[in-house]
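Chains as they are written, first to last, in the working numbering: chain A, 1 to 117; chain B, 1001 to 1113.
Beta carbons: idealized from backbone N, C-alpha and C, even for Gly.
None of these values were measured; they are calculated from a predicted model.
Scroll down for the structure; my scribbles are underneath it.
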Amino acid sequence: GAGVSQSPRYKVAKRGQDVALRCDPISGHVSLFWYQQALGQGPEFLTYFQNEAQLDKSGLPSDRFFAERPEGSVSTLKIQRTQQEDSAVYLCASSLNWGGQVYNEQFFGPGTRLTVL
Amino acid sequence: GENVEQHPSTLSVQEGDSAVIKCTYSDSASNYFPWYKQELGKRPQLIIDIRSNVGEKKDQRIAVTLNKTAKHFSLHITETQPEDSAVYFCAASNEAGNTPLVFGKGTRLSVIA
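Shown next, in the form of structure tokens:
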């Protein structure tokens, strides 16, 4: 079956431009996570959703970052007025979220590599 | 919040030897510890995970051990092969893995043929 997909795979933006990154989770997955991965580093949490509810956005670096998942499926991460320090790979992950004693794997997408010039 | 430390940052082994990567975590509430493998330019992929009610788990050449008292867990790869070369990340989370993962900084493993 189809895994998590992200688009675009690569994005080059001039400083100050707005960008929108899309994530298509695995069908039926309830939880959706956004991570930022700087070069040579581990992924760092940005925000996550359970269905359409954004449960935690404490990892968003500034108010220029905004995420939404209006219908509980596809999610978009938007970055306004991009800065050079926003250059990174943005990873999306989804999990089935059965709750209880079931531990659920987070499946990652291929990421969007954002370069801000 | 949770903090995960991972060592070493780079590791080179001869083909056929074993590789061990170690992680420590700070939050005693963490109960789910996955390991991800990431090849260059690819997505992270889960290779093994362990829950806090288990001390060890094995899957063919890969094993993970967990010491809750000391708050550390380790990945063991035996009979390494060149295709094991990649960056490996440990992670931790609470609430049954349905909350955000906190990752270590990664270990770049090189298996020399």
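Checklist entry - If we cut at 8 Å on Cβ distances, does A:Q54 have a partner in chain B? => result If you number the first sequence from 1, residue 54 of chain A lands on position 54. False, the Cβ-Cβ gap to chain B never drops below 8 Å.
Item to check | Under the three-state DSSP convention, the category A:E85 falls into | outcome: To locate residue 85 of chain A, count along the first sequence from 1; it is residue 85. In this structure, A:E85 counts as helix in the three-state DSSP scheme.
Checklist entry - Taking only beta-carbon atoms, is A:G42 less than 8 Å away from chain B? => result Looking up residue 42 of chain A in the first sequence gives position 42. Chain B, which has a Cβ nearer than 8 Å to the Cβ of A:G42, makes this yes.
Checklist entry - Name the chain B residues that come within less than 9 Å of A:E68, Cβ to Cβ? => result As a first step, residue 68 of chain A must be located in the first sequence, where it is residue number 68. Within 9 Å Cβ-Cβ: nothing; A:E68 doesn't reach chain B, min ~17 Å.
Checklist entry - Cβ of A:N51 less than 8 Å from any chain B Cβ? => result Residue mapping note: residue 51 of chain A aligns to position 51 of the first sequence, counting from 1. A:N51 does not count as touching chain B.
Checklist entry - Within this structure, are the beta carbons of A:V19 and A:I79 separated by less than 8 Å? => result One-based indexing of the first sequence puts residue 19 of chain A at position 19. One-based indexing of the first sequence puts residue 79 of chain A at position 79. Yes. Within cutoff.
Item to check | Collapsed DSSP secondary structure at B:P1034 in the structure displayed | outcome: As a working note, residue 1034 of chain B is residue 34 in the second sequence. Three-state DSSP puts B:P1034 in a strand.
Checklist entry - In terms of residue numbering, what span does the beta strand (DSSP E) encompassing A:R113 cover? => result Start at 1 with the first residue of the first sequence, and residue 113 of chain A comes out as number 113. Segment T112 to V116, the beta strand (DSSP E) holding A:R113.
Next on the checklist: For a minimum of 3 consecutive residues, which ranges assigned as the beta strand (DSSP E) are wholly contained in the stretch 1009-1068 of chain B?
Outcome noted: Counting whole runs of 3 or more residues, the stretch 1009-1068 of chain B contains the beta strand (DSSP E) stretches 1010-1014, 1019-1025, 1032-1038, 1045-1051, 1056-1059 and 1062-1067.
Item to check | Test item: CB-CB of B:P1100 and A:F108 under 8 Å | outcome: Your numbering for residue 1100 of chain B matches position 100 in the second sequence. Your numbering for residue 108 of chain A matches position 108 in the first sequence. No, these two residues do not count as a Cβ contact at 8 Å.
Item to check | Opening and closing residue of the beta strand (DSSP E) in which A:D18 lies | outcome: Along the first sequence, one-based indexing puts residue 18 of chain A at 18. Counting along the chain, no beta strand (DSSP E) covers A:D18, and no H or E run does either.
Checklist entry - The beta strand (DSSP E) with B:H1072 in it runs from where to where? => result The residue you call residue 1072 of chain B lines up with position 72 of the second sequence. Residues H1072 to I1077.
Checklist entry - Looking at C-alpha atoms only, which residue of A:A93, A:Q37 and A:R22 is the closest neighbour of A:R9? => result Walking along the first sequence from the start, residue 9 of chain A turns up at place 9. For A:R9, the nearest C-alpha among the options comes from A:R22.
Checklist entry - Just curious, the beta strand (DSSP E) that A:K78 is in, first and last residue? => result As a working mapping, residue 78 of chain A is identified with position 78 in the first sequence. Run containing A:K78: S75 to I79, per the beta strand (DSSP E) assignment.
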